[in-house]
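Asks: Note that the numbering used here has the sequence shown beginning at 3, numbered continuously upward. Please see the structure below; I have some questions.
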Amino acid sequence: MSGRQLGNLTTAKSDGTLAFSPENALTRKVTKDAMAKVALDNLNGFIALLFDPRVLPEPKGFNDSSELEAALSKPNVMNHILVGIQFDDSMANATEWPEDINVTLRFPAVMRTPMLEHPLRISWRTNLLFPLFPQPGPRVPKDMYGGKTPGYSPEMFLAVQHAVSQEIIKQKTGKSINTKVYLQRLPQLSYRQDDLLVAMERFISMIIMMCFAYTFVNTVRVVTAEKEMQLKETMTIMGLPSWLHWLAWFIKQFSFLLISVILMVILFKIPFNSTSDGEGYAVLTFTPWSVLFFFLILFVIASLSFCFMVSVFFTRANTAASFMGLAWFSTYSAYMLTQMLYEDISLTTKLLLSLISNTAIGYALQMLVVCEGTSRGLQWDEFFMPVSYHDQFQPGHVALMLVLDSILYMLIAVYVEKIRPGLYGVPLPWYFPFTKSFWCPDNTKVAALTNKDGVDQEYKNALLKVIHDEEPKGIPMGINIENLTKVYKGRKKAVDNLNLRMYENEITVLLGHNGAGKTTTISMLTGMVPPSSGSATINGYDITRETEQARRSIGICPQHNVLFPDLTVAEHIIFYSRLKGVPSSKLQAEVDHFVKLLELEEKESDKKKVTTALTAINVFQLYVKFDS
């Protein structure tokens, strides 16, 4: 091995050499003769030695192993030294070889030869006994050395080891040793070569991501659009519980996605070719269809929950959809970025990464493909068993993490929706889950303060300053507004210290010019916007603390259209009747009543009339109507 040949594995062009310790005549001769032997086994090195014996560089000796290791640990030293040959320090003054000889080869931790199969993996990977993801058949069947991982042959570890061993035997016995070592692979059982499966290991999850991308981005868009058009808040005022709203969206979107999942399972399991024995092979031949279906269903549920979580942070549909598209592929990139370093990631880190549903399904599909490569597939009885000898991450772990993802995403969605409902709705304090009123709401109405004659004297005096009508006596009060104020951004007061009382069996009309605060007042009463200060009670329930109870007595006809384009007049009435708690036996009577009352029999009914009918459904105490 000439310096030029050493330069093939180091950056040295002419002075590449070997190092050894301890320095004495025995160890130097073995090291130098081993270098020559390796060079003679190389055609170019043999020719170089024939014409110029001085082409072989002198090995570098060190006094002991500590000095050798310290020298080899210095920066860039291994660029000029192929390997450090470390004999036992007890041989420092030896004149003959002992019976027991210990030799350690010190190669650099970073491999010098390029690794095409693992471009980011340049270590010797001595932490693995077997490949992390075993493939069917022999390892790298077309490589005579069995692949570059670990690189015992291309890094010349075996060549140096063999040469040093032969020279030690030669010097100790005094006999010339010229043993040839031949390597042959172990016999391999018959196996199915599936080149598509090898490619699918890295790209099957990306295919799944691309297939679902549009559906989930569109889900965020339509859910946010419902909030943007005030449909959600209107239905909430009409009696729609928050849990029922999310459940309705889940059932609708899940129904469409279920069809996609079934088609995917069919495509993955249908055999596309047949063999001589008549058996066909699919993309996932050996894995039961139920296992694949189970993972895809868990992924769809977790992804829908993720969509709901994203939607609560936005008030504009287009902005939400754009962010969802970015988030969809960004969350998947966590899986892609960790693939090259997968074996170095701990089980805890993998579990934490699986809190991202796209990363979790990437791991799940990777396990499916690995098990498929063993020609047995992932079976139900192996669900909580590692798919690789060196990897404790199990398919069951991924399934549990997807379930946890679904729960976590929905909890975040419900929580954020309560504390920041967006443009419409009254926010709860961030600590609302820890309040008694949230878990055990107080249904006790707030009693109005009245004198012995049933009249609040303080309110009467304030009333007489602006109008001449006296407060009615003996009539139940429906709405009590006290110092209600709304200040928008920019310090603009839309409503300034409003005091007003509305009584049952009376019609109260708010009149005023544009910008007088009529719409803002009714928006605060219905809980669509929170007041800046002051408060109001509806049937004894505070609009800021008991919004849900207060809304049970409210029907609202807003200025804008809040009808569903796909529903008929009768379907609208039935839908909102159910929200208001009308029994099923009375639904048709409600439809007939309002169709006749508001003359909705015509083909093209006035949308405002339809909304008015919906407002009055099952409302016996209070009826609120927006009027533009």
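Here a beta-carbon is modelled for each residue, glycine too, at the ideal position from N, C-alpha and C.
Residue 613 to residue 530, Cα distance in whole Å?
Replies: In the sequence shown, residue 613 corresponds to position 611, counting from 1. In the sequence shown, residue 530 corresponds to position 528, counting from 1. Whole-angstrom Cα-Cα distance: 17 Å.
Asks: With a 10 Å radius around its C-beta and 16 neighbouring C-beta atoms as the bar for buried, classify residue 109 as buried or exposed.
Replies: Indexing the sequence shown from 1 puts residue 109 at position 107. Flag for residue 109 reads buried.
Asks: For my contact list, residue 307 and residue 192 are in at a C-beta cut-off of 8 Å; report their separation, rounded to the angstrom.
Replies: Here residue 307 refers to the residue found at position 305 when the sequence shown is read from its first residue. Here residue 192 refers to the residue found at position 190 when the sequence shown is read from its first residue. About 46 Å separates the two Cβ atoms, so there is no contact after all.
Asks: Between residue 481 and residue 527, how many whole angstroms is the CB-CB distance? I'm expecting something under 8 Å.
Replies: For this step, residue 481 is matched to residue 479 along the sequence shown. For this step, residue 527 is matched to residue 525 along the sequence shown. 7 Å between Cβ atoms; contact.
Asks: Taking Cβ positions, are residue 575 and residue 564 nearer each other than 7 Å?
Replies: Reading the sequence shown from its first residue, position 573 is the one you call residue 575. Reading the sequence shown from its first residue, position 562 is the one you call residue 564. Cβ atoms of residue 575 and residue 564: not closer than 7 Å.
Asks: Compare the Cα-Cα distances from residue 634 to each of 188, 366, 556 and report the closest residue.
Replies: Outside the shown range of the chain, which is 3 to 630, sits residue 634, and nothing can be said about it.
Asks: Assign residue 629 to buried or exposed, taking buried as 16 or more other Cβ atoms, counted over all protein chains shown, within 10 Å of its Cβ.
Replies: Start at 1 with the first residue of the sequence shown, and residue 629 comes out as number 627. Reliability of the predicted coordinates at residue 629 is poor, the pLDDT of 49 falling under 50, and the value obtained from them is presented with this limitation in mind. Counting Cβ neighbours within 10 Å, residue 629 comes out exposed, since fewer than 16 surround it.
Asks: Could you tell me whether the region 308 to 316 touches the region 212 to 232, where touching means 3 or more Cβ pairs closer than 8 Å?
Replies: Cβ pair count under 8 Å is three or more, so yes.
Asks: Are residue 579 and residue 569 close, meaning C-beta to C-beta below 7 Å?
Replies: As a first step, residue 579 must be located in the sequence shown, where it is residue number 577. As a first step, residue 569 must be located in the sequence shown, where it is residue number 567. Contact flag unset, no.
Asks: For the alpha helix (DSSP H) that residue 293 lies in, which residues bound it at each end?
Replies: Counted from its first residue, the sequence shown places residue 293 at position 291. Per DSSP, residue 293 belongs to the alpha helix (DSSP H) from 291 to 313.
Asks: Leaving aside the five residues before and after residue 20 along the sequence, list all residues of the same chain whose C-beta is less than 7 Å from its C-beta, in chain order.
Replies: Here residue 20 refers to the residue found at position 18 when the sequence shown is read from its first residue. Only 33, 37, 61, 83, 84, 85, 87 meet the Cβ criterion.
Asks: What did DSSP end up calling residue 484 once you bin it into helix, strand or coil?
Replies: Here residue 484 is taken as the residue at index 482 of the sequence shown, counted from 1. If DSSP states are grouped into helix, strand and coil, residue 484 belongs with the strands.
Asks: Take the Cβ of residue 195 as the centre, count every other Cβ of all protein chains shown within 10 Å, and call the residue buried at 16 or more, exposed below.
Replies: By one-based count along the sequence shown, residue 195 stands at place 193. Exposed, because fewer than 16 other Cβ atoms sit within 10 Å of the Cβ of residue 195.
Asks: Have a look at 129, 98, 30, 232 and flag the residue whose alpha-carbon is nearest the alpha-carbon of residue 558.
Replies: For this step, residue 558 is matched to residue 556 along the sequence shown. Minimum Cα distance to residue 558 is reached at 232.
Asks: Could you name the residues that DSSP lists as bridge partners for residue 108?
Replies: Counting from 1 along the sequence shown, the entry for residue 108 is found at position 106. DSSP lists 86 as partners of residue 108.
Asks: Pick out whichever of 100, 228, 300, 487 has its Cα sitting closest to the Cα of residue 250.
Replies: The count along the sequence shown starts at 1 and reaches residue 250 at position 248. With distances taken between Cα atoms, residue 250 lies closest to 228.
Asks: Given that a residue counts as buried once 16 or more other Cβ atoms are within 10 Å of its Cβ, and exposed if not, what is residue 180?
Replies: If you number the sequence shown from 1, residue 180 lands on position 178. By the neighbour-count rule (16 or more Cβ atoms within 10 Å), residue 180 is not buried but exposed.
Asks: Helix or strand or just coil, what does DSSP make of residue 63?
Replies: The residue labelled residue 63 in the question sits at position 61 within the sequence shown. Correct three-state label for residue 63: strand.
Asks: Excluding the 5 residues flanking residue 53 on each side, which residues of the same chain have their C-beta closer than 6 Å to its C-beta?
Replies: Counting from 1 along the sequence shown, the entry for residue 53 is found at position 51. Residue confidence for residue 53 is low, a pLDDT of 39 falling below 50, so the modelled location carries little weight; the figure read from the coordinates is stated next. Contacts found: none.
Asks: Determine the direct distance from the alpha carbon of residue 478 to that of residue 428, and round the result to whole angstroms.
Replies: One-based indexing of the sequence shown puts residue 428 at position 426. One-based indexing of the sequence shown puts residue 478 at position 476. Using only the alpha carbons, I get a separation of about 27 Å.
Asks: For residue 581 and residue 242, which I take to be in contact (beta-carbon distance under 8 Å), what is that distance rounded to the nearest angstrom?
Replies: As a first step, residue 581 is located in the sequence shown; it is residue number 579 there, counting from the start. As a first step, residue 242 is located in the sequence shown; it is residue number 240 there, counting from the start. About 5 Å separates the two Cβ atoms, so the contact holds.
Asks: Per DSSP, which residues does residue 1 bridge with? Please list them.
Replies: Past the boundaries of the shown model lies residue 1; the chain is included only from 3 to 630, so the question cannot be answered.
Asks: With a Cβ-Cβ cutoff of 7 Å, do residue 66 and residue 23 count as a contact?
Replies: Locating residue 66 in the sequence shown gives position 64, where the first residue counts as 1. Locating residue 23 in the sequence shown gives position 21, where the first residue counts as 1. It is a contact, given that the beta carbons lie within the stated cut-off.
Asks: Can you tell which of 205, 263, 106, 177 has its C-alpha closest to the C-alpha of residue 635?
Replies: The structure shown has nothing for residue 635, since the chain only spans 3 to 630.
Asks: Between the C-alpha atoms of residue 59 and residue 330, what's the straight-line distance to the nearest angstrom?
Replies: Taking the first residue of the sequence shown as 1, we reach residue 59 at position 57. Taking the first residue of the sequence shown as 1, we reach residue 330 at position 328. Distance between the alpha carbons of residue 59 and residue 330: 59 Å.
Asks: Tell me the rounded alpha-carbon separation between residue 153 and residue 390.
Replies: Sequence index remark: in the sequence shown, residue 153 carries index 151 (1-based). Sequence index remark: in the sequence shown, residue 390 carries index 388 (1-based). Rounded to whole angstroms, residue 153 to residue 390 spans 22 Å at the Cα level.
Asks: Going by alpha carbons, who is nearest to residue 267 out of 217, 358, 210, 248?
Replies: Working through the sequence shown from its first residue, we reach residue 267 at position 265. Residue 210 is the option with its Cα nearest to residue 267.
Asks: Cutting at 6 Å between CB atoms, please list the residues of its own chain near residue 326, excluding the five before and the five after it.
Replies: The residue given as residue 326 occupies position 324 in the sequence shown. Here the set comprises 219, 222, 312.
Asks: What's the gap between the Cα of residue 55 and the Cα of residue 341?
Replies: As a position in the sequence shown, residue 55 is number 53, starting the count at 1. As a position in the sequence shown, residue 341 is number 339, starting the count at 1. In this prediction, residue 55 scores a pLDDT of 49, lower than 50, which makes its location untrustworthy; no coordinate-derived value is stated.
Asks: Starting from residue 349, trace the alpha helix (DSSP H) both ways and give me its first and last residue.
Replies: Sequence index remark: in the sequence shown, residue 349 carries index 347 (1-based). That run of the alpha helix (DSSP H) goes 349 to 355.
Asks: Can you give me the start and stop residues for the beta strand (DSSP E) that residue 20 sits inside?
Replies: Along the sequence shown, read from residue 1 onward, the residue named residue 20 stands at position 18. Element bounds for residue 20: 19 to 23.
Asks: Whose C-alpha, out of 256, 98, 101, 128, is nearest the C-alpha of residue 112?
Replies: Here residue 112 corresponds to residue number 110 of the sequence shown, with the count starting at 1. Nearest C-alpha to residue 112: 128.
Asks: Skipping 5 residues on each side, what residues in its chain have a beta carbon closer than 8 Å to that of residue 70?
Replies: As a first step, residue 70 is located in the sequence shown; it is residue number 68 there, counting from the start. 21, 22, 23, 64, 86, 88, 108.
Asks: Below 8 Å CB to CB, which residues in the same chain sit around residue 138 once its five sequence neighbours on both sides are set aside?
Replies: Residue 138 sits at position 136 when you count from the first residue of the sequence shown. 193, 194, 195, 196, 375, 376, 377, listed in sequence order.
Asks: Measuring straight from C-alpha to C-alpha, what distance separates residue 105 and residue 140?
Replies: Position 103 of the sequence shown, counted from the first residue, corresponds to residue 105. Position 138 of the sequence shown, counted from the first residue, corresponds to residue 140. Between residue 105 and residue 140, the C-alpha separation is close to 32 Å.
Asks: How close, in whole Å, do the beta carbons of residue 274 and residue 284 come, if the pair is a contact with beta carbons under 8 Å?
Replies: Start at 1 with the first residue of the sequence shown, and residue 274 comes out as number 272. Start at 1 with the first residue of the sequence shown, and residue 284 comes out as number 282. The Cβ separation is near 7 Å, so the contact holds.
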